[in-house]
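Working notes, structure below.
This is the structure we're talking about:
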């Protein structure tokens, strides 16, 4: 009897302690300096990662990739596939709610999928294979295909750049050419639009009605448990100032500290460096195919002759521990790594570049090169490109702006004289580039493609063939063909791989190992 009473007392104390910890946790604010300021809030309209990260806070997805990059159900409870592989039937989890308290139904899901397939590269392939989508009831819907599509779950679990976020019907029916303004979602956090001050801060509150899955978090899958009540993205454009704020405890985390300042952080015992994305990212350069001179393949080839990867990597990353020279379009260390089309390019053959320009009749018109000034991991790319292009015979007009302005600018297809551009650069998570269909910089469908809008019908034919091919050896051969055409035609220029560390106060824990920065499971003690 005494023993039972003692156990009961211990259990009561444990429960009280857990309750006290929960109360202590309640009300805590996580202050983070993100990679750039948030000025666009539609994660389908743009591929900018800051907007995608915003999306993961407030929206949910039907499926998500786990730590092993396998698709797992998220909003979906169960699904079946017909024997002929043409009819996929999905059932939503019970109890899903929008931030305004209304239930999530299939009437919301179908237009959300449609908006995704209208915009995204991989989604577009699903769209081409879809005969119809229909709701069977409020929680059950079907996707009926024209022919089998083996990447269904991986498509619905696509993590970036445009994830298939589920939105309320009234929002999801917004054309992809028009930005949404209503940010009602069903995710673990709620966007406080009334506290959003571009250039100053972005605020998210824990969603008390969110119903996490029971599984532990793994990658982007599993239970999304919000462990802080408030997340603030604080705008501090100057990296040194941000690091000072981190060391003084004024902020809790810097998503992407400048690599050249990492040694300063390493010496601070109250701050630690972590690398949530062990696969890293790839630098990407894109030509504008709609405007001269890069509407001519000879000029794209001349530029590629002038570039070399190490100059870019050394100027931006600096520390060889964090970068790797890699010409492979689908990444180094990945199953589809290959050398097709890489011979002779990206080695700074300046005389060859000048020769090509002379033969093409280059008239000396300056190339408009866009530079991001507020994103440390991108800022030094454009100056290096300018130097190498000029040594290769081009004249260059480097135009500097903050990242969100650049994102809006690169979406314009107008002539250079009217605010257009010739070259823009970015970085992409390597996990998103590992094959011809997931890699949205492999798409060459013209106006549907990513900024630059390359058009190559043979690449598109090969990408479709990759989807339908079940033999791994033949898939590799297709990947080689795709890479060769990409590099030969200047569809995309890979500029090397790098790792991006995160810096955080030692009282902050729980960051998920993922190529995307998310804030569920993060605790602040």
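Residue numbers (the numbering used here): 47 to 571. In this text, a Cβ means the ideal position worked out from N, Cα and C, and glycines have one as well. Model, not experiment: these values are computed from the prediction.
Please report how far the alpha carbon of residue i lies from the alpha carbon of residue j, in whole angstroms.
i, j, result
"residue 473", "residue 510", "25 angstroms"
"residue 461", "residue 341", "12 angstroms"
"residue 365", "residue 143", "46 angstroms"
"residue 500", "residue 334", "8 angstroms"
"residue 434", "residue 419", "19 angstroms"
"residue 79", "residue 238", "17 angstroms"
"residue 311", "residue 321", "14 angstroms"
"residue 212", "residue 218", "8 angstroms"
"residue 163", "residue 101", "17 angstroms"
"residue 84", "residue 245", "8 angstroms"
"residue 36", "residue 363", "A query on residue 36 cannot be resolved here, the shown segment of the chain reaching from 47 to 571 and no further."
"residue 446", "residue 503", "34 angstroms"
"residue 128", "residue 134", "7 angstroms"
"residue 361", "residue 548", "19 angstroms"
"residue 71", "residue 148", "Because the pLDDT at residue 71 is just 39, under 50, the model does not fix this residue reliably, and the value given afterwards should be weighed accordingly. About 28 angstroms."
"residue 468", "residue 533", "18 angstroms"
"residue 484", "residue 281", "32 angstroms"
"residue 82", "residue 388", "33 angstroms"
Using a Cβ-Cβ cutoff of less than 7 angstroms, which residues in the same chain neighbour residue i once the five nearest sequence positions on both sides are dropped?
i, result
"residue 521", "512 and 515"
"residue 236", "104, 145, 250, 251 and 253"
"residue 437", "352 and 396"
"residue 269", "258, 259, 260, 261, 262 and 263"
"residue 412", "441, 442 and 443"
"residue 184", "151 and 152"
"residue 531", "502, 504 and 505"
Using C-beta distances below 8 angstroms, list every residue in its chain close to residue i, excluding the 5 sequence neighbours before and after it, in chain order.
i, result
"residue 528", "375, 482, 488, 505, 508, 509 and 512"
"residue 480", "376, 377, 380, 381 and 382"
Give the DSSP-derived three-state secondary structure of residue i in the structure shown.
i, result
"residue 506", "helix"
"residue 107", "coil"
"residue 481", "coil"
"residue 288", "helix"
"residue 266", "coil"
"residue 392", "coil"
"residue 568", "coil"
"residue 443", "strand"
"residue 295", "coil"
"residue 333", "strand"
"residue 316", "coil"
"residue 257", "coil"
"residue 123", "strand"
"residue 471", "strand"
"residue 97", "helix"
"residue 539", "strand"
"residue 458", "coil"
In chain order, what residues of the same chain lie with their CB nearer than 6 angstroms to the CB of residue i, ignoring the 5 residues before and after it?
i, result
"residue 491", "506"
"residue 344", "402 and 406"
"residue 192", "175 and 177"
"residue 569", "273, 555 and 556"
"residue 199", "109 and 117"
"residue 248", "84, 242 and 279"
"residue 355", "371, 392, 541 and 542"
Buried or exposed: residue i, going by 16 or more other Cβ atoms within 10 Å of its Cβ?
i, result
"residue 221", "exposed"
"residue 18", "Any property of residue 18 remains undetermined from this structure, which presents the chain solely from 47 to 571."
"residue 77", "buried"
"residue 265", "buried"
"residue 332", "buried"
"residue 450", "buried"
"residue 67", "Note that residue 67 scores a pLDDT of 39, beneath 50, so its modelled location is shaky; the value from the coordinates is reported in the next line. Result: exposed."
"residue 301", "buried"
"residue 92", "buried"
"residue 295", "exposed"
"residue 385", "exposed"
"residue 106", "buried"
"residue 496", "buried"
"residue 119", "buried"
"residue 316", "exposed"
"residue 560", "buried"
"residue 309", "exposed"
Throw me the rounded Cβ distance for the residue i and residue j pair, which I believe falls under 8 angstroms.
i, j, result
"residue 172", "residue 109", "Not quite, the Cβ-Cβ distance comes to about 13 angstroms (not below 8 angstroms), so this is no contact."
"residue 159", "residue 210", "6 angstroms"
"residue 338", "residue 408", "The Cβ separation is near 10 angstroms, so there is no contact."
"residue 391", "residue 350", "5 angstroms"
"residue 542", "residue 423", "12 angstroms between Cβ atoms; not a contact."
"residue 563", "residue 276", "Contact flag wrong, Cβ pair sits at about 17 angstroms."
"residue 544", "residue 326", "6 angstroms"
"residue 166", "residue 204", "7 angstroms"
"residue 189", "residue 179", "5 angstroms"
"residue 536", "residue 367", "With a Cβ gap of about 31 angstroms, residue 536 and residue 367 do not count as contacting."
Please determine whether the Cβ atom of residue i lies at a distance below 7 angstroms from any heavy atom of the ligand PLP.
i, result
"residue 133", "Looking at this structure, you won't find the ligand PLP or any other ligand, since it has none at all."
Counting only C-beta atoms, is residue i closer than 8 angstroms to chain C at any point?
i, result
"residue 292", "Here there is only one protein chain, and chain C is not present."
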